[in-house]
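Engineer:
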Amino acid sequence: MSIEIDQVNKRFGDFVAVDNVSLTLNNGELTALLGPSG
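Going by our numbering, the first residue of the sequence shown is number 1255, and it counts up by one from there.
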């Protein structure tokens, strides 16, 4: 089993928080998303 994310975008007004993000998470992989606040 896998999870696929393709071309995700997120804006807050004029601020671009996420710009064209794509990724695939495969079964058995450990994945972490980190930002400025940890």
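Where a beta carbon is used, it is the ideal one built from N, C-alpha and C, also for glycine.
Remember, it's a predicted structure, so these values are computed and weren't measured experimentally.
1. On a CA-only basis, which of Leu1287, Leu1279, Gly1289 is nearest Asp1260? Give me that one, please.
2. Closest to Ile1257 by CA distance: which of Gly1289, Asn1263, Phe1269, Thr1285 is it?
3. Pick out whichever of Leu1288, Ser1291, Asn1263 has its Cα sitting closest to the Cα of Ser1276.
Structural biologist: In short:
1. Ranking Leu1287, Leu1279, Gly1289 by Cα distance to Asp1260 puts Leu1279 first.
2. Looking at the Cα atoms, Thr1285 is the closest of the given residues.
3. Per the C-alpha coordinates, the member of Leu1288, Ser1291, Asn1263 positioned closest to Ser1276 is Asn1263.
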